[in-house]
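Undergrad:
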Amino acid sequence: MSSPTSDVVLGSQFIRAGAGAGKTTKLIGTFLNFVREFRQQQGRFPRVVMTTFTRKATQEVKERLLVSALKENEKEIFEYINKKSYVHISTIHGLLSIYLSQYAEQMKFPQDIRIVDSQQYVRHLKRQINELLKKHPEYLELLEQYSFTALTEISIEALELKSQYPKLSYANAKALQRISEGQKKAIVDEIEKILGLITAVPDKWQIYLDHLRGLAVSLQQGRELDFLQQLDNMPSKPVFSKTKPPFDVDAHNILEDLRAKKLKNLFDTENYIQKHEALNALFIRYLNELYSRMQEHRQNTGELTIADLETMSLQLSELHPETATEFSQSWDYFMVDEYQDTSPLQVKILNRLIGDRPCFVVGDPQQSIYLFRGARSEVFEQKMQEMQAQKAQIQFLETNYRSEASLMLFMNDFFADFSNQFRPMLTKPESSPKRNLPYDAYFLKSPEQVETVLVHIRRLLDQGVLPQDICVLSRNNSKLNEIAVRAAQVQIPVQLQAAAGFEEKREILDLIALNRFFNNPHDNENFVTLARSPWFFIEDSELLSLAHNPIARQQSLWASLQYSNSAQKEKFKKYLDFFNTRGASQTTQEFIKESRFMALSAAYDKTGKREANIFKFLTTLAQAERASGFSLGLFLDEQFLSLQSDLGSSSGEAQPVEQPDCVSLMTVHASKGLQFKHVIVIGFADTPQLSRTPKLSFDEQSELISLAVYDEENSKHQASRWAAVITEQFKERELKEHERVLYVAMTRAIESLTLVAETERHMTSESSWLKRSNWPEDGEHIGGKYRVLSLTMDEKLENAKLDKLSSAAVRPLFLTPQGTVEDSQSVTELISNPSITASATAEAASQFNEERTILNLKKAQKGSDLHRVFEALKYVDEEQLQSSLADEDKESLTYLLQLKEIDLKKILQAGHNEWGFGLKTPSRFIQGQIDLWAELEDEIHVLDYKTGSSFYSEQAFRQLSIYTQALLQMKIASPQKKIIQSVVYPVEKVVKQKVFANAQEFQKQMPEELKQLF
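Heads up, the final residue of the sequence shown is numbered 1277 in this note's numbering, and it's a clean run with no missing numbers.
#1: Can you give, in chain order, each stretch of the beta strand (DSSP E) that sits fully within the stretch 641 to 723 and has at least 3 residues?
#2: Rounded to the nearest angstrom, what separates M688 and H719 at their Cα positions?
#3: By the DSSP assignment, the beta strand (DSSP E) with K425 in it spans what residues?
#4: Based on Cα-Cα distance, which residue from M647, L439 and H474 lies nearest to K538?
#5: In chain order, what residues of the same chain have a beta carbon less than 7 Å from the beta carbon of N787, not counting five sequence neighbours either side?
#6: Here's the rule I'm using: 16 or more other beta-carbon atoms within 10 Å means buried, otherwise exposed. How should R636 be labelled?
#7: Does the Cβ of L582 have 16 or more other Cβ atoms within 10 Å, making it buried, or fewer, making it exposed?
#8: Rounded to whole angstroms, how far is the Cβ of A750 from the Cβ of L717, which I believe are closer than 8 Å?
#9: Give every residue of the same chain whose Cβ lies closer than 6 Å to the Cβ of A982, excluding the five residues on either side of it in the sequence, and list them in chain order.
#10: Using 10 angstroms around the beta-carbon of S927, count the other beta-carbons present and answer buried if the total reaches 16, otherwise exposed.
#11: What residue from A822, V480, T287 and T715 has the CA that sits closest to G626's CA?
#12: Is it buried or exposed, R845, if we count other Cβ atoms within 10 angstroms and call 16 or more buried?
#13: Can you have a look at I278 and say buried or exposed, based on whether 16 or more other CB atoms are within 10 angstroms of its CB?
#14: Could you have a look at H941 and say whether DSSP puts it in helix, strand or coil?
#15: According to the neighbour-count rule (16 or more other Cβ atoms, all chains shown, within 10 Å of its Cβ), is Q992 buried or exposed?
#16: Give every residue of the same chain whose Cβ lies closer than 8 Å to the Cβ of Q369, excluding the five residues on either side of it in the sequence, and list them in chain order.
#17: Rounded to whole angstroms, what's the CA-CA distance from N1037 to L670? Just pull it up for me.
#18: For K646, count neighbouring Cβ atoms within 10 angstroms of its own Cβ and tell me buried if that reaches 16, exposed if not.
#19: Let's see if you can read the secondary structure: which residues bound the alpha helix (DSSP H) around Q1256?
#20: If you draw a straight line from the alpha carbon of R310 to that of E649, how long is it in whole angstroms?
#21: Please report the residue range of the alpha helix (DSSP H) in which W1032 lies.
#22: Apply the 10 Å Cβ neighbour rule to S275 and answer buried if 16 or more other Cβ atoms are within range, or exposed otherwise.
#23: For the candidate residues T354, Q609 and Y602, whose alpha-carbon lies nearest to that of E573?
#24: What separation, rounded to the nearest whole angstrom, lies between the Cα atoms of E997 and I943?
#25: Could you check the C-alpha separation between F411 and T532 for me, to the nearest Å?
#26: Could you please give me the residues that DSSP links to I733 through a beta bridge?
#27: Does any CB atom of chain D fall closer than 8 Å to the CB of F308?
#28: Please report the distance separating the alpha-carbon of E335 from that of T293.
#29: From Q1222, I1189 and Y1215, pick the residue whose C-alpha is nearest to that of V1205; which is it?
#30: Could you name the residues that DSSP lists as bridge partners for I1242?
#31: Out of M313, L475, K1169 and S1216, which has the shortest C-alpha to C-alpha gap to F597?
#32: Can you tell which of T1184, Q303, V1247 and S1212 has its C-alpha closest to the C-alpha of Q1232?
#33: Can you confirm whether the stretch 1027 to 1034 touches the stretch 653 to 672 when touching is taken to mean that 3 or more C-beta pairs between the two stretches lie within less than 8 Å?
#34: Nearest-angstrom Cα distance between Q446 and E407?
#35: Counting C-beta neighbours from all protein chains within 10 Å, is the total for V1254 16 or more, i.e. buried, or is it exposed?
#36: Quick one: using the 10 Å Cβ neighbour count with 16 as the cut-off for buried, is P692 buried or exposed?
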């Protein structure tokens, strides 16, 4: 679709950027340089894809791009960045969503693909499993091995694997026997090595060692049952004296290692292998049929999960490689951020979608910490080798601009001793060393790390450090919760930035209960929850009285309340009536204002977290409510409680707009991309949590699975030895990542770093950070490069006296007089306001309501698609654009370009499309986005594309009037020129216009209610 870019000077680049090395700065600079260079050579703006790892990173990158364009006063580039059809910045799942939607037909998916959450998917999957079990009674054998819930969980995992590996099969009897024979031989070799080291057998060891020799003989002769029986009858091992060893110490060490491995579980018996073969063969047949059913459902409904976006994109690119080629050619440049966090599956897809287009790849394998999401650190090195072979520019950013030089030197030395997978970084240039604290690094050992952390924080605060400059990092939330509770007792201000649990917060539970009441006031359980809250408080005795009323037994507590004399009756009824006329989000806002819900939250929690959570709920609800087909019940049951996100971050608590002066408590994963002056890392003595052998194991190399067999004798599932070997390999990856997690945590620090180890726990774990690190002796360690203090602490803080709850400075949005919640309004909201549209005829209103009722998602999607086409007219020539459109869209485009009423090409070249604005008036703040406007020599054109019915053009002209007045009031449009307002209906092939001689005539004819807005 676009021109070749081979003659563009800036080609592919591969960047390895260490922590704090300015990765994002490089990303921003490369993007802007490419855009400028491409435009200069090609005479047009390029189409660029940029993928980041999280939605948060996506927002930050776009903001920085816009700020950079503004700083350079590049107005056209600023506008260009806002064109979604030309600059696509999203997570990889956002990119895959576009790819799948664009080629849905090839996968036999409907055009309106939509993402469903896990609850919807599981509910449908359970129905399909039920039907399959009824249709094929032989599959009921699976329920002899697994509960229905467990079978569902295994099916979810297996279906995803089947999507990636169409020839997925199971590790058969031969594969298991091969592993087991190898294990048997290893046992025999170990026993023979032990016996070979013992030259003279002590009398008390004779029986034991003879028995050990018998085990080896049984395995050598293939007498498996004899081996197991001998193992059960193994005599007790005699005491081995290390001071006076009875035989070679090495022999005893090998014996102890062999005993620790639990010989009975080191290989699979023939009986187990037969059961495994039968179970896994049956499961594969079941899986293949279940997969067909689920694929048929996807094709009928277009419902996909986040995981489906990846697996279906892979299938599309494999089954129809021409789609990936065409998609690649429609873009000019690809930029991939945080490449070390991509999975092998994502790498396959990205390689196909990028094709031969130039690309920019940046990341750091030292910061790859998403193994549990499929990421593999080795993909980074593989990509680098691949791009080196393609003669791409390879660059290493090795200067850390985040940490003070002395602290960086300390970290270089620490990791040189800690592991061989880290490269040292160069220090940033400094005129003189900064020592706001006496030490760069602190090593703290303590029997209770929670108390030690808070003691250390108190000392930092006493030395003038601000709470907001301190961050405590942990691998998980459990210890952070303990610190938060204890911090409240000693009055140290902290902010727990939990990775999940948003929907469990008290303020959110109350708002959910309120909306559940709106959705179904006869839900007795929810009604009791709401009635006992402080906002609608009804005494328990009164609730009991309501419950005893016959009406409650026949209908509900709500029905009973309406016939009572309760003081709260009218309050319930008032909000329910408001909901029935204004909807959920506006009613929730009304409740928050009148109940002073926000004020109490601010007074109770001065960090602003409660307020931020409330705003997050309102924003989510309002956004969902605007979508076609919105259902409040579905939103509360599924969409809200299972918020969809690339990293699940949407289920986390919201962050306050203003950073409170509190110590941050967060997980290492949540801290990625952030920095703090003073970082405290806890859990140094903890044993890493490694995976256990799962019920369903999978090997990427052989594309085989192994389903564990239920052992009735021990009442548990027993995985095959084949599966155990796969798990051991995965554990090696986990241990490597355990090291990288520490690297990410420590490199968040700017000025000081504190490492905390709890000495009474996990001290025997050789894989803990403590055992792996060179922990210094107690005392000061001051050298020429950095200053370190090592302490063993056992101090405790005294509980502080609690202050009375005081009134806080509450954010004003929900504390202002009633009505001001609409001070900031979009133009769409303004023209739909009953007070403004009161002059509309009853007939028009009736027809409008009827039409609005039948609007569906496909029509909304069609409107969005056509808008993108019209927007593209400014940047792509007509012939090029026509070649990529469906026939009906070509017809709409041809109509637009041949309009006699207006010269659309001229307006597009001189004008601004999708032009957003914000205007402060005496009464409110108005926001809007104009489809197209332009100021020509003698005329000002304000134009709106509509895909609906021209019957409602007056509504559209009201919208254009607000746009026009905004342009005049912002002094962007000349008041002396003729004003032409056009509403274009390309589907109907209708244009409606209003013409005014100048601004004075326009304002004279402007409806009175619209004038009042300004």
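Every residue gets a Cβ at the ideal spot worked out from N, C-alpha and C, and that includes glycine. On a predicted model such as this, the values are computed, not experimentally measured, just so you know.
TA: Taking the definition as stated:
#1: Fully enclosed beta strand (DSSP E) runs of 3 or longer: 656 to 660 and 704 to 709.
#2: Taking the sequence shown and counting its residues from 1, the one referred to as residue 688 is at position 425. Taking the sequence shown and counting its residues from 1, the one referred to as residue 719 is at position 456. One C-alpha to the other measures close to 28 Å.
#3: Walking along the sequence shown from the start, residue 425 turns up at place 162. Careful: K425 lies outside any beta strand (DSSP E), inside the alpha helix (DSSP H) at F411 to Q427.
#4: Your numbering for residue 538 matches position 275 in the sequence shown. Among M647, L439 and H474, the Cα nearest to that of K538 is on L439.
#5: Taking the sequence shown and counting its residues from 1, the one referred to as residue 787 is at position 524. Here the set comprises S819 and L820.
#6: Residue numbering aside, residue 636 sits at position 373 when the sequence shown is read from its first letter. That one is exposed.
#7: Here residue 582 is taken as the residue at index 319 of the sequence shown, counted from 1. Of the residues assessed, L582 falls on the exposed side of the cut-off, its CB having fewer than 16 other CB atoms within 10 angstroms.
#8: Translated into positions along the sequence shown, residue 750 becomes position 487. Translated into positions along the sequence shown, residue 717 becomes position 454. About 6 Å; that satisfies the 8 Å criterion.
#9: Numbered from its first residue, the sequence shown carries residue 982 at position 719. Exclusion of the five residues before and after A982 leaves T956 and A971 as the residues of its chain whose Cβ lies within less than 6 Å of its Cβ.
#10: Here residue 927 corresponds to residue number 664 of the sequence shown, with the count starting at 1. S927 comes out buried.
#11: On the sequence shown, position 363 is the one that residue 626 refers to. In terms of CA proximity to G626, T287 leads the group A822, V480, T287 and T715.
#12: The count along the sequence shown starts at 1 and reaches residue 845 at position 582. It is exposed - the Cβ of R845 has fewer than 16 other Cβ atoms within 10 Å.
#13: Taking the first residue of the sequence shown as position 1, residue 278 is located at position 15. Classification for I278: buried.
#14: Stepping through the sequence shown from its first residue, residue 941 is reached at position 678. Reduced to three states, the DSSP call for H941 is strand.
#15: For the purposes of this step, residue 992 is taken as the residue at position 729 of the sequence shown. By the 16-neighbour rule on beta-carbons within 10 angstroms, Q992 is exposed.
#16: By 1-based counting over the sequence shown, the position of residue 369 is 106. Listed in chain order, the non-local C-beta contacts of Q369 below 8 Å within the same chain comprise L579, L582, H583 and T586, local neighbours out to five positions each way being set aside.
#17: Taking the sequence shown and counting its residues from 1, the one referred to as residue 1037 is at position 774. Taking the sequence shown and counting its residues from 1, the one referred to as residue 670 is at position 407. Approximately 16 Å between the Cα atoms of the pair.
#18: In the sequence shown, residue 646 corresponds to position 383, counting from 1. Flag for K646 reads buried.
#19: Indexing the sequence shown from 1 puts residue 1256 at position 993. Per DSSP, Q1256 is not a residue of any alpha helix (DSSP H); the beta strand (DSSP E) it occupies stretches across V1253 to F1259.
#20: Counting from 1 along the sequence shown, the entry for residue 310 is found at position 47. Counting from 1 along the sequence shown, the entry for residue 649 is found at position 386. R310 and E649 have their C-alpha atoms roughly 24 Å apart.
#21: Here residue 1032 refers to the residue found at position 769 when the sequence shown is read from its first residue. According to the DSSP assignment, W1032 belongs to the alpha helix (DSSP H) that extends over W1032 to R1035.
#22: In the sequence shown, the residue the question calls residue 275 occupies position 12. Buried.
#23: Taking the first residue of the sequence shown as position 1, residue 573 is located at position 310. Check the Cα spacing between E573 and each of T354, Q609 and Y602: the tightest is with Q609.
#24: Residue mapping note: residue 997 aligns to position 734 of the sequence shown, counting from 1. Residue mapping note: residue 943 aligns to position 680 of the sequence shown, counting from 1. Straight-line Cα distance between these residues: approximately 23 Å.
#25: Here residue 411 corresponds to residue number 148 of the sequence shown, with the count starting at 1. Here residue 532 corresponds to residue number 269 of the sequence shown, with the count starting at 1. Approximately 28 Å between the Cα atoms of the pair.
#26: Here the question's residue 733 lines up with position 470 in the sequence shown. Answer is H941.
#27: This model lacks chain D altogether; it includes just one protein chain.
#28: Sequence index remark: in the sequence shown, residue 335 carries index 72 (1-based). Sequence index remark: in the sequence shown, residue 293 carries index 30 (1-based). Each residue's alpha carbon lies about 15 Å from the other.
#29: Reading the sequence shown from its first residue, position 942 is the one you call residue 1205. It is Q1222 whose Cα lies nearest to the Cα of V1205.
#30: Here residue 1242 is taken as the residue at index 979 of the sequence shown, counted from 1. Note: I1242 is bridge-paired with I1203 and F1259 in the DSSP secondary-structure output.
#31: The residue given as residue 597 occupies position 334 in the sequence shown. When each option's Cα is compared against that of F597, the closest is M313.
#32: On the sequence shown, residue 1232 is found 969 positions in, with the first residue counted as 1. Here the closest residue by C-alpha is T1184.
#33: Too few Cβ pairs lie closer than 8 Å, so no.
#34: Along the sequence shown, one-based indexing puts residue 446 at 183. Along the sequence shown, one-based indexing puts residue 407 at 144. Straight through space, the alpha carbons of E407 and Q446 are spaced by roughly 30 Å.
#35: Here residue 1254 refers to the residue found at position 991 of the sequence shown. Result: buried.
#36: Along the sequence shown, read from residue 1 onward, the residue named residue 692 stands at position 429. By the neighbour-count criterion, in which a residue is buried when 16 or more other Cβ atoms sit within 10 angstroms of its Cβ, P692 is exposed.
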